[in-house]
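*Asks:* 15 is the number of the first residue of the sequence shown in my numbering; add one for each residue after it.
A virtual CB, placed ideally from N, CA and C, is assigned to each residue, including glycine.
For clarity, every value in this text was computed on a predicted model and none was experimentally measured.
Below is one structure. I have some questions about it.
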Amino acid sequence: MNRFLAEGSDSPVPLDRRSWMLPVRYYEPDLAYRVPAHLNLAAEQPVFEVPTSTGQSRPMQRVGTLEFTLHGESRSLAALVDLTARDEMRLFIPFRDETSGEETYAAGRYLDLDRTPTGIYNLDFNRAYHPTCYYDEQFDCPFPPPENRLPTPIRAGERLPPVEEQRFPVGGLPAAAADPDADGN
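Here it is as structure tokens:
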């Protein structure tokens, strides 16, 4: 991944940011953040518009809820299908947690899961990644829906560089833009 971001012609990281944004930083892998999850399919699977980092919106379908236990607590995340991706066999799980804006990108992180016929998933937060708008604000990234805000820190997957290595703008987006619910106060 780091090689692609540093050298790839399709890298989302602008050339002038590669020296300080790369390599991508990760938390140490932790098996406590790899948990079984069950997808409870929704009887109704509404399509709704999700606000994005560029002020646009993107159509998503809420197919159900992933239910899991993390650190002894029952948790859930809405499982979405990004209708612009045209891949109904892939679940999109955007989320925020208590590290968002401090240790990880303020707008949240993403997980992608291939759909299973059983509805049972290995939800591995060690695979959580920053959206492309972290690297370049020109990318259009959907914000996590309110129900995908976990009231616990998820110290797994991608993280921000240490504070002493951060340079403005970390993640490209002003703080208010990174949180669609922020009121500026």
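(1) From what residue to what residue does the beta strand (DSSP E) around residue 73 run?
(2) Cβ atoms of residue 127 and residue 105: under 7 Å apart, would you say?
(3) Once the 5 residues before and after residue 52 are set aside, which same chain residues still bring their CB inside 8 Å of it?
(4) Using the three-state DSSP reduction, which class does residue 146 fall into: helix, strand or coil?
(5) From 175, 42, 76, pick the residue whose C-alpha is nearest to that of residue 57; which is it?
(6) Which of helix, strand or coil does DSSP assign to residue 46?
(7) Looking only at its own chain, which residues have a Cβ that is under 7 Å from the Cβ of residue 59, when we skip the five neighbours before and after it?
(8) With which residues is residue 134 paired in a DSSP beta bridge?
(9) Helix, strand or coil, according to DSSP, for residue 160 in the structure here?
*Replies:* If we stick to the structure as given:
(1) 71 to 84 is the extent of the beta strand (DSSP E) around residue 73.
(2) By the CB criterion at 7 Å, residue 105 and residue 127 fall inside the cutoff.
(3) 80, 81, 82, 133, 134, 135, listed in sequence order.
(4) It is helical.
(5) Considering only alpha carbons, the answer is 76.
(6) Here residue 46 sits in helix by DSSP.
(7) The beta carbon of residue 59 is closer than 7 Å to those of 75, 76, 77 in its chain, skipping five residues each way along the sequence.
(8) Beta-bridge pairing links residue 134 to 52.
(9) In the structure shown, residue 160 adopts helical secondary structure according to DSSP, grouped into three states.
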